[in-house]
Structure formats: C-alpha cells, structure tokens
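Protein sequence lines correspond, in order, to chains A and B. Okay, so the first sequence: first residue is 177 according to our numbering, each after it adds one. Okay, so the second sequence: first residue is -16 according to our numbering, each after it adds one. Glycine residues also receive a C-beta, built at the ideal position from the N, C-alpha and C atoms. It should be emphasised that the depicted structure is a prediction, and the values quoted were computed from it without experimental measurement.
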Amino acid sequence: MEIKEQKINDVIVLEILGRVDTTNYGKLDEILSDNITKNEKNIIIDCSEMDYISSSGLRIFLTGFKKINAINGNYFLCGLQESIKEIFDISGFTSIFKIFVNQEDALKNIT
Amino acid sequence: MNNARPKIKLILPNKLDYIPLGQSIVREMAVIMGYKKSEILKIELATEEAISNIIEHSFAPGEETSFDLIIEPNSNGIKIYLKDKGIPFDPSEIPKYNPENHKEVMAAKGLGSFLIKEFVDELTYLNLGKEGKEIILFKYLNNKSILDVISESDIKKAKKERQEARLPKGSVKYSVRKMHQDEAVDVSKCAYTTYGYTYVHEDIYFPERVREMNNNGELVSYVSVAENGEIMGHVALEIEERDIGMPQLGMAFVNPKYQGQGCMKVQSELMIDDAKNQKLCGIYARGITTHPYSQRVIGKFGFNDTAIFLSSGVERDYKGISEGDSKRESVVIIVRYLHPPKNLIIYPPKNHKNIIKRIYNNIGLEPNIKDISLQEIILNHESVIKITTDNVNFVGFINVIEYGKDIVEKVNSSLKELCNQRYETIYLKLKLCDLSTSKYSPEFEKMNFFFAGIMPGSENKDELILQYLNNYIIDYDKVMINSEFGNELKEYIKSKDPYKK
C-alpha cells in the first residue's frame, strides 16, 4: 500500500494505492491520527486506486470517521471501485460514510 | 472443463506477516481455476479474515508455532482448509455483527467473521478435540446458470408449457436411462420449464455443475427422453459429502407438457433398481409440507416418514401448488430401505424410545434397542463436533462426531453462536449407535432442542435429530403431512415443541 498525501486549501486528501490489509493498516491509522492531532478537520480519502480492503482496513476508516465526526469536521470517501463498494455495502458502511464518485465532487461538498 | 487438480498444503508460521503469502497461493489457484476478478477478491478476503482470526485468537501471546493451509481445487469450486492445534474454538465468543444495526456497524466487532460468512458459499467449523480445529471455506466456481444461456424465446416457451400443463395430451414414446454428459444443459432447461427459478437445490440450474457432479459421483442423473431427443423429466441420486450411506432422491421433475406420461414413475423405478443393485442401504427423500403432492408421489415407491424438519428453509412458490402463506417451510424425511442393516443396535434416549422404535418398524426394521445404565458412561477426552451452515435457508447443523467430557458446553456455545448469527433453525445430529446419545440427549433438550425424528444410515451411521427454533413459532396446521404415521409423528413432535402455539 502507498498513501499519497496532499493539502488542497484546508482539505487533506489521502490517496490510497494498492491493498489495505492486516499487515499494513497501521500505516493508514498513523497518517490519519497525525492529521487529526494537527487539528485537520477536513479529510478526503481517495480510494480510486485502492483494489483491496479487509476488515482491519475498514476499522481504520471507521476510527477516522468517529474522530473527525467528534470535532464536527468533514470526512469523505471517493472513487470506490465496484468490488470495494460491494464490500462497503455488505458491511453496512455505505450508510455511514459520505461517498462521492471522484475527488472533485468530494471537494465541492466540503462545507 | 475439468478443474480437478491436486491439493496444495502450506505450513505457515503463526505470524501476520505470512498472511499475504498464503493469500497469494489461494489467489493464484483461483486465477488458474478461472474465477472472475470480483470472486477472487472475495476468496482472498475470506482467507485473510480466517487466517488472521487463527493467528490472533488461537494461540497464547508470544507462542511461536504454525498452522496448515490446504487448498483443494475441485470441479465445482475451491475449498480452503485451515487447521491449527491452538486454543479450542468457542464460537459463542465471536461477537455478532449486523450491517443493518448502526450501533454494531460503528463498533465493527465480529466484522471479519461476518465477511467470511458473506463471501463464501459454505463455511464449516470442525472442532477436533485434542487434534485442534479446522475451518473449511468453499466457494463455487461461478458457472453459468441456465438463465445466462437460455434465450428469450425459450423463456417464453417455458412459461407457455407451464400454463398448458393441465391440457389433455396424447401418448408420447420415450425411453429412460442415465443422463449423457451433453444433456446437462437440457436438464437445466427442463428444471427451469418445470419450476421456473424456484427449485430449492440451485445446482440444477447450472449445467456445468450438473455435468461435473455427475462426473465426480456426487450426482447420478436419470432422464426420460422423447423419441426426438427432448428431455422430458429428470430424477437424481444425490450423494452427500458426509455420506451416511443413504443418498437422497432429489431433483425430480417432469416437464409440465409431459406430465401424465408416467415418466416420474419409470425414471424413479430405474434409479431405485440401480441403487438396489449397487447394494445401497437405502434412499431418502425430502417432502415439502406446504402441500402433500410430492409426499404422495414418493409414498407410492414404498417410502415412509422418519422425521419432520421444521422451518428447514425459505418457502418457495412451486408454481401454484404451494398454498401456505408462512415465510418458512418444513420438510418431512421419507425413507426406503433397500438393504436394511441386519443387526442394528441403537441407544435411544429413554423418553423417545417408543416413538423411535415405531419409526423403525414403519420402515420395516426391528432394531436392537439397548438399555444401559447412564452411570456407566464416563468420558475423559474432549468432544469432537462439526458445525455447518446453510446460508441459503438460514439453518445451522451441529454434528456430534465424538462425545467428550465437555459436550454439553460445546453444544451450548455452538447453539448460542448460531442463534447470534440469526440462523432460523439449528439441527443437532446425534449418533444413535453411540451409547452416550441416551445420556446426553435429555441435556440438549434442556437447551430447548426437541425431537425431530431419525435419519437412518448404513453401517451404524443412524442419527437422532433434535431441532431448535430460533424465535420462530410453528403453525402446525400448515405442516401438511400425507401419511397416517407421519401425522402421528407430527403430533408427537408438536407435543415436544417448547414454543408450540
């Protein structure tokens, strides 16, 4: 897994490339936690290049959501591949996260 | 295409770093077998969840050991075995997860086990006592269903034939024989013409599965064939993996436009004769209880009732012959001995001794029923149980393979787990030829399991079946039984049901 991080205005965009699984979810957790510690309130996770996620990764997505939600920030996902979207749907995560088709759409909706 | 390939066995250290290694072998095998990309991801994911469960929960902190990952590709799909000798499995410890419950989703506890269940077609937990435990994942190869290959005009034709089923017809010449390999597609079409897409055993709609199952002996198909080569009807002997020596007569249907030609009788008689020649102990069938029609047909071949599995599946609309309006349906187990056991010794629990004797007598056998002193049974070793689930019908099975000192706790925790996972009915299979059954059956009944009947088998594989209804109340008036004895059995079962209306 590779994570590309950039800041667009006051929004942190994390682009995940590859697989999020039991062996590497800690890296994503670390990057999310760092940003939240730095008082970043707007986070977009771009999943368009993420082709695998297991329950360990899903849990980190959820942890990030809870933390940002607690400070009334924006936590958006975008670009979910069809097979990944199916995992989110089955797990009931689709109803929790705000999910956009692409990064552009997600950015437009940051309040 | 024959996908049978040798098994692969890996011995992996119990470290998370090795998960991708195991997964990559599973993935490459799935690629070789021809799974679609989306299916491969599900197999990979289920494998990761199952392995990480083992690594994180089966061993003491710091313990350095290994576990087995066995990949078994077969004609119908991939089977993945995970075997370890770690801490015994207690299924009740798996937290329940419901994607529709916001609170449970937010906690995400039990998510991994939930995903395994969602992404494989069959999931088996086997508790092996001293030998550890085994989890078996199975995923079908996504063969094309008949609906993927049938043309629009064939669908219209099938509907028309169903509508015209009751019109008078002239006599048709036909022959009856075993199915030829190249007839699998026509058999699937015939199933669709007869039942639409509602037949309980969905394998029949997948021509490749029908062909491969016949190839590897899981199924022996018999067909009625018209002079023009058209498949008029089909019946099969279904050989279950956990063979009790008593295959099932199933997948029986006749194209509506050929009903009344005697196909069912002739093809079934041929099948029974073949089974007799093969020295099979007997055959059983499952009769739907939303109507007595199928029970009446099977009764004509000398089959008699031995059990009623309540709430055993989701009710299906059998093109107008179903009259029930409940959401779940029950089946009656109907058995015919072909070569009955010579001296069957059984140890039924005292409270069901009389009805069990009567059930055996009704199928033509006088078993040797032993009374033993319960104090004589002292068990020191650990129990071996097997848990399997049917995710189409939402039922679970607990199979007691070997009684041990912890059997009551193990059955209790397995029951709780299956209930937590919202399985509607849980069946408990107990060996009638094991004297511990007479001692422990009343203990299981204290958990609200109650009598379902018996499942005869060959070579002492006979089973006493108890059933547990997970918050489901049976309307016994809607359980329609054809035979007189079957109705007596129904009343007996009703009298034992702790939740009866």
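Using 8 Å for Cβ pairs, my map puts residue i next to residue j. What's the rounded Cβ distance?
| i | j | result |
| --- | --- | --- |
| A282 (chain A) | F276 (chain A) | 4 Å |
| Q331 (chain B) | L415 (chain B) | Residue identity check: residue 331 (chain B) is Pro in the sequence provided, not Gln. About 6 Å separates the two Cβ atoms, so the contact holds. |
| M229 (chain B) | P439 (chain B) | 6 Å |
| S58 (chain B) | N198 (chain B) | 7 Å |
| P350 (chain B) | L327 (chain B) | 4 Å |
| I188 (chain A) | N218 (chain A) | 7 Å |
| K283 (chain B) | E298 (chain B) | Contact flag wrong, Cβ pair sits at about 25 Å. |
| E213 (chain B) | I271 (chain B) | The pair is not a contact, with the Cβ atoms about 27 Å apart (cut-off 8 Å). |
| T408 (chain B) | Y451 (chain B) | 7 Å |
| I355 (chain B) | I329 (chain B) | The Cβ separation is near 11 Å, so there is no contact. |
| G179 (chain B) | K122 (chain B) | Their Cβ separation, rounded to whole angstroms, is 26 Å, which puts G179 (chain B) and K122 (chain B) out of contact at 8 Å. |
Any idea what DSSP makes of residue i, helix, strand or coil?
| i | result |
| --- | --- |
| M(-16) (chain B) | Residue placement at M(-16) (chain B) is flagged as unreliable, the pLDDT there being 44, under the threshold of 50; the coordinate-derived value follows with that caveat. M(-16) (chain B): coil per DSSP, three-state reduction. |
| E76 (chain B) | helix |
| E217 (chain B) | One detail in the question is off: residue 217 (chain B) reads as His in this sequence, not Glu. Strand, per DSSP. |
| T48 (chain B) | coil |
| P3 (chain B) | helix |
| F433 (chain B) | strand |
| E105 (chain B) | strand |
| S305 (chain B) | Unreliable positioning characterises S305 (chain B) in this predicted model, as indicated by a pLDDT of 42, which lies under 50. A coordinate reading is not provided. |
| N376 (chain B) | coil |
| V196 (chain A) | strand |
| C254 (chain A) | strand |
| D265 (chain A) | helix |
| C223 (chain A) | strand |
| D137 (chain B) | helix |
| P56 (chain B) | strand |
| Q164 (chain B) | helix |
| L362 (chain B) | coil |
| E312 (chain B) | strand |
| D480 (chain B) | coil |
| L238 (chain A) | helix |
| T273 (chain B) | coil |
| A33 (chain B) | helix |
| D288 (chain B) | strand |
| M487 (chain B) | Residue 487 (chain B) lies beyond the residue range present for chain B, which begins at -16 and ends at 484; the question has no answer from this structure. |
Is the beta carbon of residue i sitting closer than 8 Å to the one on residue j?
| i | j | result |
| --- | --- | --- |
| S158 (chain B) | V193 (chain B) | no |
| M16 (chain B) | L94 (chain B) | no |
| L418 (chain B) | I381 (chain B) | no |
| L109 (chain B) | A29 (chain B) | no |
| H184 (chain B) | M234 (chain B) | yes |
| L569 (chain B) | V103 (chain B) | Residue 569 (chain B) cannot be examined here, being either before or after the span of chain B that is shown, -16 to 484. |
| P71 (chain B) | K19 (chain B) | no |
| L204 (chain A) | I236 (chain A) | yes |
| Q250 (chain B) | G216 (chain B) | yes |
| I221 (chain A) | I260 (chain A) | no |
| C223 (chain A) | I184 (chain A) | no |
| V315 (chain B) | I464 (chain B) | yes |
| N238 (chain B) | T177 (chain B) | yes |
| K449 (chain B) | S424 (chain B) | In the sequence as presented, Lys is not what sits at residue 449 (chain B); that position holds Leu. Contact flag set, yes. |
| I37 (chain B) | I8 (chain B) | no |
| D67 (chain B) | S41 (chain B) | yes |
| Y175 (chain B) | A219 (chain B) | no |
| Y406 (chain B) | S294 (chain B) | no |
Given 8 Å, three or more beta-carbon pairs between the stretch 392 to 402 of chain B and the stretch 435 to 448 of chain B: no
So does the stretch 77 to 94 of chain B actually touch the stretch 42 to 62 of chain B, counting three or more Cβ pairs closer than 8 Å? no
Would you call the stretch 249 to 261 of chain A and the stretch 196 to 205 of chain A in contact, with 3 or more CB pairs under 8 Å? no
If contact means a Cβ-Cβ distance below 7 Å, which residues of the stretch -5 to 11 of chain B contact chain A? L(-1), D0, I2, P3
Taking a Cβ distance cut-off of 9 Å, strictly less, list which residues of the stretch 106 to 137 of chain B are near chain A, in chain order. none
Are there three or more Cβ pairs, one per stretch, closer than 8 Å when the stretch 283 to 291 of chain B is compared with the stretch 466 to 477 of chain B? yes
The stretch 202 to 213 of chain B contacting the stretch 160 to 167 of chain B, beta-carbon criterion three pairs below 8 Å: yes
Any 3 or more C-beta pairs closer than 8 Å across the stretch 134 to 141 of chain B and the stretch 85 to 93 of chain B: no
What residues in the stretch 195 to 208 of chain A have a beta carbon less than 7 Å from any beta carbon of chain B? D197, T198, T199
Which residues, taken in chain order from the stretch 205 to 237 of chain A, show a beta carbon closer than 9 Å to some beta carbon of chain B? D227, Y228, I229, S230, S231, S232, L234, R235
Closer than 8 Å is the cut-off here; do at least three beta carbon pairs connect the stretch 259 to 266 of chain A with the stretch -12 to 1 of chain B? no
Got a sec: which bits of the stretch 259 to 276 of chain A sit with their beta carbon under 8 Å from any beta carbon on chain B, in order along the chain? S259, E262, I263, I266, S267, G268, F269, S271, I272
For the stretch 171 to 205 of chain B, list every residue whose C-beta sits within 8 Å of some C-beta in chain A, in sequence order. none
What are the residues of the stretch 59 to 81 of chain B that lie near chain A, defined by any Cβ-Cβ distance shorter than 7 Å? none
Mind checking the stretch 34 to 55 of chain B against chain A and listing, in chain order, the residues whose C-beta falls within less than 7 Å of any C-beta there? S35
Members of the stretch 401 to 416 of chain B that neighbour chain A once the beta carbon cut-off is set at 9 Å: none
Does the stretch 336 to 349 of chain B come into contact with the stretch 363 to 380 of chain B, if we say contact requires no fewer than three beta-carbon pairs (one atom in each stretch) closer than 8 Å? no
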